[in-house]
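Right, one structure below, let's go through it.
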Amino acid sequence: MKKYIKLSVILAVFITFISCDDKIDVDVPEAEPRLVIEASLDWEKGTSGNNQTIKISTSTPYFQTTLNTSVIGASVKVTNNNSNAVFNFTDQNDGTYTINNFIPVLNDSYTLEVIHNGETYTATENLLPVSPINAVTQSLEGGFDDEVLDVSIFFDDPVNEDNYYMFRIKEESDLFASLEAQSDEFTNGNEQEEFFEKGRDDENELEEFNPGDIVNIKLYGISQRYYNYISLLSEQYDSAGNPFASIPAEIKGNCVNVTDESNYAFGYFRVTEFDQVDYTFQ
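Using the working numbering, the letters of the sequence shown map in sequence onto residues 2 to 283.
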């Protein structure tokens, strides 16, 4: 009798595990596509900054990965609000719009205008300067883990100014870069330091920095509004998978649809100066 009971229990457990593999279809509501404007006019120190590219596409359903969302046929221009110089971008018929005679001027205001499907989108930003990178060093002591290499970036912050910065750090072998935003609220006028390290992975040492690894480091001077924007994006990205984190919210950039305010665009128009350096770990 006991054998029959044990066998029944085993069969019940086995059937339960099988039933867990049943496919469940869930209807996920899909929002209407919105325009996505990736307009980062970045001027590297020591260059002319004449060549710039703006990318325009549309948003896609969450699980859609094969749809071509490139937007062609749009009208794209940028105006210097101080000199009234107009820079018209050329449609490359692949979702990118380019120019080779853009003239960046520090501290000038620029306005982007995109016209698509009879609707006009605009955004305005100032081209802010950035201090050059003084030095880049490596250490086992500057980060959170004293067994993992980290990299530190040093630069001088101007005195008596409110400044905001963005760091873009990308190892050669990585698919995506890491972004960090920083303000000088508590360190105004002093030499600034920002460090970055990768978490230790005992199963895969390639996940952390190792001697011979090459990283590209970029330092941008950004506006306070863009600082707030990128900080929110980073916060939501870093808290992904955390059951105690706040519910992610839709983050709007500075691109406004002046024809139909409710049909706003995703993305951000920024105009920045940046300095960069490639560093090889020893």
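Built from N, CA and C at the ideal position, the CB exists for glycine as well.
| Query | Result |
| --- | --- |
| Which residue or residues does DSSP assign as beta-bridge partners of F155? | A136, E194 |
| Can you tell me where the beta strand (DSSP E) holding V115 begins and where it ends? | 110 to 117 |
| Which stretch, first to last residue, makes up the beta strand (DSSP E) that contains S71? | From DSSP, S71 is part of no beta strand (DSSP E); its letter is neither H nor E. |
| Would you kindly report the start and end of the unbroken beta strand (DSSP E) that includes Q183? | 179 to 184 |
| Looking at the unbroken beta strand (DSSP E) that takes in A124, where does it start and where does it end? | 120 to 127 |
| Rounded to whole angstroms, what is the Cα-Cα separation between V79 and V149? | 45 Å |
| Flag this pair as yes or no: are the beta carbons of S132 and P159 separated by less than 8 Å? | yes |
| Alpha carbons only, please: which of G200, N161, T123 is nearest the one belonging to T294? | What is shown of the chain runs 2 to 283, which leaves residue 294 out entirely. |
| Just to check my reading of the structure: E120 and N255 have Cβ atoms closer than 8 Å, yes? What is that Cβ distance to the nearest angstrom? | Not quite, the Cβ-Cβ distance comes to about 16 Å (not below 8 Å), so this is no contact. |
| Thinking C-alpha only, which one of Q283, V137, T273, Y265 is nearest I218? | V137 |
| First and last residue of the beta strand (DSSP E) that includes G268? | 267 to 281 |
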